[in-house]
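Trainee: Using this note's numbering, the first residue of the sequence shown is number 331, and each one after it goes up by one.
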Amino acid sequence: MAVPKVAFPNADLIANSKGIQHPSQKLIEEARMGESRIVGGSDAKISNHPWQVSLQGSTGNHFCGASLVHTRWLVTAAHCVDGARPSQIKAKLGTTNFNDGGITMDITRIIMHRNYNKGSGTYPNDIALLELEADVATGANIQTITMAEGSEYFENENCVISGWGLTDSGGSVSSTLQAVSMTVMSKSNCQSRWGSSSIIDSHVCVHKGYGTSACMGDSGGPLVCRNNILVGATSWGSSTCSGDLPSVYTRISSFRSWIRDEAGI
Numbered sequence: 331m332a333v334p335k336v337a338f339p340n341a342d343l344i345a346n347s348k349g350i351q352h353p354s355q356k357l358i359e360e361a362r363m364g365e366s367r368i369v370g371g372s373d374a375k376i377s378n379h380p381w382q383v384s385l386q387g388s389t390g391n392h393f394c395g396a397s398l399v400h401t402r403w404l405v406t407a408a409h410c411v412d413g414a415r416p417s418q419i420k421a422k423l424g425t426t427n428f429n430d431g432g433i434t435m436d437i438t439r440i441i442m443h444r445n446y447n448k449g450s451g452t453y454p455n456d457i458a459l460l461e462l463e464a465d466v467a468t469g470a471n472i473q474t475i476t477m478a479e480g481s482e483y484f485e486n487e488n489c490v491i492s493g494w495g496l497t498d499s500g501g502s503v504s505s506t507l508q509a510v511s512m513t514v515m516s517k518s519n520c521q522s523r524w525g526s527s528s529i530i531d532s533h534v535c536v537h538k539g540y541g542t543s544a545c546m547g548d549s550g551g552p553l554v555c556r557n558n559i560l561v562g563a564t565s566w567g568s569s570t571c572s573g574d575l576p577s578v579y580t581r582i583s584s585f586r587s588w589i590r591d592e593a594g595i
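1) For glycine 541, collect the residues of the same chain with a Cβ closer than 8 angstroms to its Cβ; drop the 5 residues on either side in sequence, then sort them by chain order.
2) Measure how close the beta-carbons of isoleucine 475 and leucine 575 come, nearest whole angstrom, since I'm counting them as under 8 angstroms.
3) Can the beta-carbon of alanine 458 be found closer than 7 angstroms to that of methionine 442?
4) What does the Cβ neighbour count give for alanine 467, buried or exposed, with the cut at 16 atoms within 10 Å?
5) Count the other CB atoms within 10 Å of the CB of glycine 451; is the residue buried (16 or more) or exposed (fewer)?
6) Does the beta-carbon of tryptophan 494 have 16 or more other beta-carbons within 10 angstroms, so that it is buried, or is it exposed?
7) Among the residues of its own chain, which have a CB less than 7 angstroms from the CB of serine 384, if the five just before and after it don't count?
8) Are the CB atoms of asparagine 488 and serine 511 nearer to each other than 7 angstroms?
9) Between asparagine 445 and asparagine 455, is the Cβ-Cβ spacing less than 7 angstroms?
10) Label glycine 525 either buried or exposed according to how many other C-beta atoms from any shown protein chain fall within 10 Å of its C-beta, with 16 as the threshold for buried.
11) For threonine 389, count the other beta carbons within 10 Å of its own beta carbon; 16 or more makes it buried, fewer makes it exposed. Which is it?
12) Report the option in Asp436, Ser577 and Thr425 whose CA atom is closest to the CA atom of tryptophan 403.
13) Could you tell me the alpha carbon to alpha carbon distance between serine 637 and tyrosine 579, rounded to whole angstroms?
14) Closest by CA to serine 417, which one among Gly431, Arg439 and Val405?
15) By the DSSP assignment, the alpha helix (DSSP H) with aspartate 436 in it spans what residues?
16) I'd like to know whether the C-beta atoms of serine 568 and alanine 407 end up nearer to each other than 7 angstroms.
17) With the cut-off set at 7 angstroms, would you say serine 481 and histidine 379 are in Cβ contact?
18) Which residue from Asp412, Ser584, Leu460 and Gln508 puts its Cα closest to that of glycine 449?
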């Protein structure tokens, strides 16, 4: 029996995000069966992940992650903001605990990739840019991250994923940032697990083994390799979040020209 694929925003939190829509009610229902967290991760300090951003609804509830790639721009997953208006989203930066500390900024513009296809089952072009209300002041806990360029695939390298979510399925929301090291898979190895039609060149897959995975609530958040290079944005994976199957990310380098054209960065 095939394992359902699901995008990784937290379904219950999205439902409370004052009008922010998930791309599919069916996926919301599947998401409630999963575990909304970085599965197998550990507590992390924002000073070690200063580009990490929490996207929140108007009441301060976290629903997706993002990465600070410029003092005025965030990169996230398109499915996180599909159907949303800028006024419905806040960005929380510079804090380990998304409920406390840091700074909160308004979003003034959402630019979704025009070829994002939520109905395909593989979430191609699952990327969006969010413009902040002003340039954010950087410091120890707020830093931009360099985006990957060119054709390097980072295969077999150990990289880090991070995000917020539940500490266990059916538990309460963990407000503390979680992080874990994962290994980047080759496209062919990932296709052997998910099927050749599911994994395309603009995807990057990571895997560690059973008990470690990205999951709902982590969508849009960073996959970081080497000396702090943003390689991916969390996109989709197994609805069980067991770690048995790879987590799939949008490959940032595949969209560098698009990012330059849209945001000039």
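Just so you know, even glycine gets a beta-carbon here, dropped at the ideal spot from N, CA and C. These figures come from a predicted structure and were not determined experimentally.
Mentor: Looking at the coordinates:
1) For glycine 541, same chain residues with a beta-carbon under 8 angstroms away, outside a window of 5 residues either side, are Val369, Gly370, Ser572 and Gly573 in chain order.
2) Actually they are not in contact, since the Cβ atoms of isoleucine 475 and leucine 575 sit about 27 angstroms apart, beyond 8 angstroms.
3) yes
4) Looking at its Cβ environment, which holds fewer than 16 other Cβ atoms inside 10 Å, alanine 467 is exposed.
5) The C-beta of glycine 451 has fewer than 16 other C-beta atoms within 10 Å across all chains shown, which makes the residue exposed.
6) buried
7) His392, Gly395, Lys422, Phe428 and Trp494
8) yes
9) yes
10) exposed
11) exposed
12) Asp436
13) A query on residue 637 cannot be resolved here, the shown segment of the chain reaching from 331 to 595 and no further.
14) Among Gly431, Arg439 and Val405, the Cα nearest to that of serine 417 is on Arg439.
15) Segment 433-442 is the beta strand (DSSP E) holding aspartate 436; no alpha helix (DSSP H) there.
16) No, they are not a contact pair.
17) No; because the gap between Cβ atoms is not below 7 angstroms, this pair is not in contact.
18) Asp412
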